[in-house]
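Asks: The numbering of the sequence shown is numbering that gives the first Met the number 0, which starts it at 0 and goes up by one.
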Amino acid sequence: MRYIVIGAGAVGGTIGARLHQGGHDVLLIARGAHYEALKRDGLRLITPETTETLDIPAADGPVPARDDDVLILATKSQDTIAALAGWPSDLPVVCAQNGVDNERMVLRRFSRVYGMCVWLPAQHLEPGVVAAYAHPYSGILQVGLYPQGVDDFAEQIATDLGKPSSGGLVARAVPDVMRWKHGKLLGNLANAVEALVGHVDGRAAVVERARAEAATVLDRAGIAYATPEDERQVRGHQADARPIEGITRGGGSSWQSLARASGSIEADYLNGEIVLLGRLHGVPAPVNEVLRSEANRFAREKLPPASMPLETLVALIDERCAAGSR
Ligand SMILES: NC(=O)c1ccc[n+]([C@@H]2O[C@H](COP(=O)([O-])OP(=O)(O)OC[C@H]3O[C@@H](n4cnc5c(N)ncnc54)[C@H](OP(=O)(O)O)[C@@H]3O)[C@@H](O)[C@H]2O)c1
């Protein structure tokens, strides 16, 4: 199989690197300065254990397809549609992304769609460079057919990703990947909080309000989600994020979008998913609506991450809650 990783950033770069190290045929798809750096210097993968420069083939857009190609989509959700333009719609697509709407968007055009629930703390701030913080495995991945089920192909992907010689990923095929991804979505509601206010004392209370609101919405919508306890059981003691000397992990993927002043952020598909479901099912979601809209404003105005005082965010949320939100 040839694994074509579309969006070779923090997650895609790490997965592509681990597959390449496991002896698989890999092609990284990137753009701009990152693509130029990959082509010129290779991919520098930094982990708590080592720094390696890997000579992995790279391209900046669709290439002639082979029968054995599989697309691993690892862009942020807001880039999903554009990133898949030009790729043949009979290729299988694995959505290695947070959020729960990518698979549905992709299924409109591609008939074979797989979800992947990705636990893989990583950072990509500099062209050509990816830091993967988890140890001893870089990531724990669960893959399954969308909307549910497991087939031979999902098993094959899990086997390839988790191959011991890949030396860095744990992967398994699961029949209910979207239940895992809805559980992960609850965790990712914190992304916008971290991006806006950083790691200040008191942010946990805001995160808790967003999650409690989201759980009410998912319950009303009748959507099943994995609990933090389920997630702990899967992750067990298999891996933990560790510091890497010389490379501070400023924050998660949304924080990194602001740090790179990329102009966009994933909040419409994280907090915004809860807002959308709330509107569809008649449950107000004011906390997530403020997080969604403020994160977007920060991205649009290219404001630095963690530059909103916590008190400002709490005041905006309280005001919105008092006004009621639909
Ligand atoms: N980072 C983490 O720790 C982490 C952990 C678990 C899950 N996730 C999830 O994984 C997904 C990817 O996140 P990430 O942090 O890896 O993002 P990322 O570092 O920004 O990587 C995504 C890459 O895709 C590129 N891209 C976007 N559109 C493209 C296109 N049309 N053609 C080619 N390249 C394109 C981006 O380029 P530009 O920079 O030019 O936009 C970027 O290099 C998200 O859903 C995120 O929530 C992230």
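Cβ atoms here follow ideal geometry from the backbone N, Cα and C, with glycine treated the same way.
As a quick exercise: from V142, A284 and R259, pick the residue whose alpha carbon is nearest that of E154.
Replies: Within the sequence shown, residue 154 is the residue found at index 155, counting from 1. If we check each option's Cα against that of E154, V142 comes out closest.
Asks: Rounded to a whole number of angstroms, what is the C-alpha to C-alpha distance between E207 and A213?
Replies: Mapped onto the sequence shown, residue 207 falls at position 208. Mapped onto the sequence shown, residue 213 falls at position 214. Computed Cα separation, rounded: 10 Å.
Asks: Work out the CA separation of T226 and L276 for me, nearest whole Å.
Replies: The residue labelled residue 276 in the question sits at position 277 within the sequence shown. The residue labelled residue 226 in the question sits at position 227 within the sequence shown. Distance between the alpha carbons of L276 and T226 is about 19 Å.
Asks: Quick one: is R183 buried, meaning 16 or more other Cβ sit within 10 Å of its Cβ, or exposed?
Replies: In the sequence shown, the residue the question calls residue 183 occupies position 184. Correcting the residue type first, residue 183 is Lys in the shown sequence and not Arg. Classification of K183: buried, given that the 10 Å Cβ count is 16 or more.
Asks: Curious, which full-length beta strand (DSSP E) runs of at least 3 residues does the segment 10 to 85 contain?
Replies: 24 to 28, 42 to 45, 50 to 53 and 68 to 72
Asks: When DSSP labels each residue in this structure, what does R325 get in the three-state scheme?
Replies: Working through the sequence shown from its first residue, we reach residue 325 at position 326. Its pLDDT being 46, under 50, R325 is placed unreliably by the model, and the measurement read from it follows with that caveat. Reduced to three states, the DSSP call for R325 is coil.
Asks: Is Y113 helix, strand or coil when you go by DSSP?
Replies: Translated into the one-based positions of the sequence shown, residue 113 becomes position 114. Correct three-state label for Y113: strand.
Asks: Can you give the Cα-Cα distance for S252 and L27, rounded to whole angstroms?
Replies: What you label residue 252 is simply residue 253 of the sequence shown in a count that begins at 1. What you label residue 27 is simply residue 28 of the sequence shown in a count that begins at 1. For S252 and L27, the distance between alpha carbons rounds to 19 Å.
Asks: Would you mind working out which of R278, D66 and V93 sits nearest S76, comparing C-alpha positions?
Replies: Counted from its first residue, the sequence shown places residue 76 at position 77. Per the C-alpha coordinates, the member of R278, D66 and V93 positioned closest to S76 is V93.
Asks: Quick check on DSSP: helix, strand or coil for I246?
Replies: Here residue 246 corresponds to residue number 247 of the sequence shown, with the count starting at 1. Reduced to three states, the DSSP call for I246 is strand.
Asks: Please classify L144: does DSSP put it in a helix, a strand, or coil?
Replies: As a first step, residue 144 is located in the sequence shown; it is residue number 145 there, counting from the start. It is a strand residue.
Asks: Mapping the DSSP letters down to three states, classify Y2 as helix, strand or coil.
Replies: Position 3 of the sequence shown holds residue 2. Three-state result, Y2: strand.
Asks: DSSP three-state label for H280, please.
Replies: Counting from 1 along the sequence shown, the entry for residue 280 is found at position 281. Helix.
Asks: If you reduce the DSSP assignment to three classes, tell me which class D218 lands in.
Replies: Here residue 218 refers to the residue found at position 219 of the sequence shown. Reduced to three states, the DSSP call for D218 is helix.
Asks: Do you know whose CA, among G31, A95 and L53, lies nearest V4's CA?
Replies: For the purposes of this step, residue 4 is taken as residue 5 along the sequence shown, with counting starting at 1. Of G31, A95 and L53, the residue nearest in Cα terms is A95.
Asks: When every heavy atom of ligand 1 is checked, does at least one fall within less than 6 Å of the C-beta of G221?
Replies: One-based indexing of the sequence shown puts residue 221 at position 222. It does not: the Cβ of G221 is nowhere closer than 6 Å to a heavy atom of ligand 1.
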